[in-house]
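**Q**
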Amino acid sequence: MSLLVVGSVAFDAIETPFGKRDRIIGGAATYISLASSYFAKPVNLISVVGGDFPKDDIKMMQRHGVDTQGLQIKENEKSFFWSGRYHNDMNSRDTLDTQLNVLADFDPVVPASYQGCEYLMLGNLSPDVQRLVLERLQRRPKLVVMDTMNFWMQIALESLRKTISMVDVLTVNDEEARQLTGEYSLLKAARAILKMGPKYLVIKKGEHGALLFHGVEDEIFYAPALPLEEVFDPTGAGDSFAGGFIGYLASCNDASFANMRNAVIVGSALASFTVEQFGPERLIDLKRDDLAHRIKSFRKLTQFDYELSI
Ligand code: AMP
Numbered sequence: 010m011s012l013l014v015v016g017s018v019a020f021d022a023i024e025t026p027f028g029k030r031d032r033i034i035g036g037a038a039t040y041i042s043l044a045s046s047y048f049a050k051p052v053n054l055i056s057v058v059g060g061d062f063p064k065d066d067i068k069m070m071q072r073h074g075v076d077t078q079g080l081q082i083k084e085n086e087k088s089f090f091w092s093g094r095y096h097n098d099m100n101s102r103d104t105l106d107t108q109l110n111v112l113a114d115f116d117p118v119v120p121a122s123y124q125g126c127e128y129l130m131l132g133n134l135s136p137d138v139q140r141l142v143l144e145r146l147q148r149r150p151k152l153v154v155m156d157t158m159n160f161w162m163q164i165a166l167e168s169l170r171k172t173i174s175m176v177d178v179l180t181v182n183d184e185e186a187r188q189l190t191g192e193y194s195l196l197k198a199a200r201a202i203l204k205m206g207p208k209y210l211v212i213k214k215g216e217h218g219a220l221l222f223h224g225v226e227d228e229i230f231y232a233p234a235l236p237l238e239e240v241f242d243p244t245g246a247g248d249s250f251a252g253g254f255i256g257y258l259a260s261c262n263d264a265s266f267a268n269m270r271n272a273v274i275v276g277s278a279l280a281s282f283t284v285e286q287f288g289p290e291r292l293i294d295l296k297r298d299d300l301a302h303r304i305k306s307f308r309k310l311t312q313f314d315y316e317l318s319i
């Protein structure tokens, strides 16, 4: 089933306790597209970069089945730039710099061949642009998933709430869920977010896994994160999760809550690869066998046969 991905394509500068990279490719849509490409092809991409973005990396995405007709290249401008520093626990980070550059006045164009897409991933970027893409589709997709970040809560809260009210699934991390609602309890925060419009909510908790909430039925599913020996760089874990989540749903064309539980596991498996190396490197040459093996490890980690006797 056709998948459309919107989000930032960027340069990142990252510092973790294990090292530092000054200028590597990143961006929400980069991670989402690469992660979802293991399940859904083509991945129709809408984003914008400057003339400084390496053409080889665009070709690398194309080799992964990413259709880049919707990727605008502004030759005389600079790509979006983000810089972050992780704390020792690797679960929390500080944003050191955000330079919107080409993203500041991005006017997304939906190529004719992207119309009719069934699955839409509104990855992290301005909520105005996320909404514009949804409005520029002639037919509403079967499933609209949205991810966002504290940055947009700080500078565009009203617009963000408007976009949130239009989507089916929202994915945020625990800190963002608390910031968005003012509730510390994640259960209360989830209820408050589900009242804003989405039918489903995923709260990502980094090394503590992810929670999936279904509003109407009041159902909750929890997937742990796989305990890993080495975490080099958590950047893009949330986006890889989102890419695996929607890519898997699109590949089975089943957006039921039961299948979303599987999608949460697939998303968690992809995120577990991303954190093993700096930037999106690990996502570039992933083997299907590695992925299958990791999904099996998740099953082993969470399965138990205890018979309830009460
Ligand atoms: P994650 O670690 O999954 O939250 O996502 C990290 C990616 O998000 C990085 O590669 C950044 O380039 C990108 N990013 C950071 N801030 C923003 C922002 N305000 N808007 C869009 N993308 C962003």
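In the numbering used here, the protein residues as written are 10 to 319. Every residue gets a Cβ at the ideal spot worked out from N, C-alpha and C, and that includes glycine. This structure is a prediction, so every number in the text was calculated from the model and none was measured.
Please check the pair residue 264 and residue 151, which I expect to be a contact at CB under 8 Å, by giving their CB distance rounded to whole angstroms.
**A** 6 Å between Cβ atoms; contact.
**Q** Grab the span of the alpha helix (DSSP H) containing residue 198 for me, first residue to last.
**A** Element bounds for residue 198: 195 to 204.
**Q** Anyone know if the C-beta pair for residue 88 and residue 119 falls short of 9 Å?
**A** Against a cut-off of 9 Å, the Cβ pair of residue 119 and residue 88 comes out as no contact.
**Q** Give me the pocket residues for the ligand AMP, defined as CB within less than 6 Å of any heavy atom, sorted by chain position.
**A** For the ligand AMP, the selected residues are 17, 19, 21, 35, 36, 37, 91, 107, 133, 134, 158, 160, 244, 245, 246, 247, 248.
**Q** Considering only residues of the same chain and omitting the five flanking positions on each side of residue 303, which have a CB-CB separation below 8 Å?
**A** Contacts found: 235, 278, 281, 282.
**Q** My understanding is that residue 248 touches residue 40, with C-beta atoms under 8 Å, so please give their C-beta distance in whole angstroms.
**A** Sure, about 4 Å apart at Cβ, within 8 Å.
**Q** So, helix, strand or coil for residue 68, using DSSP?
**A** Of the three classes helix, strand and coil, the one that applies to residue 68 here is helix, per DSSP.
**Q** If we ignore side chains and look at the alpha-carbon of each, how far apart do residue 107 and residue 204 end up?
**A** C-alpha separation (whole angstroms): 31 Å.
**Q** Please confirm whether residue 100 and residue 215 have their CB atoms less than 9 Å apart.
**A** Yes; because the gap between Cβ atoms is below 9 Å, this pair is in contact.
**Q** Return the bridge partner residues of residue 76 from the DSSP annotation.
**A** According to DSSP, which records beta bridges pairwise, residue 76 is partnered with 53.
**Q** Check the C-beta distance from residue 44 over to residue 17 and give it rounded, since I have them as a contact under 8 Å.
**A** Not quite, the Cβ-Cβ distance comes to about 15 Å (not below 8 Å), so this is no contact.
**Q** Suppose you measure from the CA of residue 220 to the CA of residue 206; what does that come to, to the nearest Å?
**A** Roughly 18 Å separates the two Cα atoms.
**Q** Hey, would you say residue 178 sits closer than 9 Å to residue 69, going by beta carbons?
**A** Not closer than 9 Å, so no.
**Q** Are the beta-carbon atoms of residue 117 and residue 52 separated by less than 9 Å?
**A** No, the Cβ-Cβ distance between residue 117 and residue 52 is not below 9 Å.
**Q** Which residue marks the beginning of the beta strand (DSSP E) containing residue 162, and which one marks its end?
**A** Taken as a continuous stretch (DSSP letters only), residue 162 belongs to no beta strand (DSSP E), being part of the alpha helix (DSSP H) at 159 to 164.
**Q** Applying the criterion that 16 or more other CB atoms from any shown protein chain within 10 Å of the CB defines a buried residue, is residue 60 buried or exposed?
**A** So residue 60 counts as exposed.
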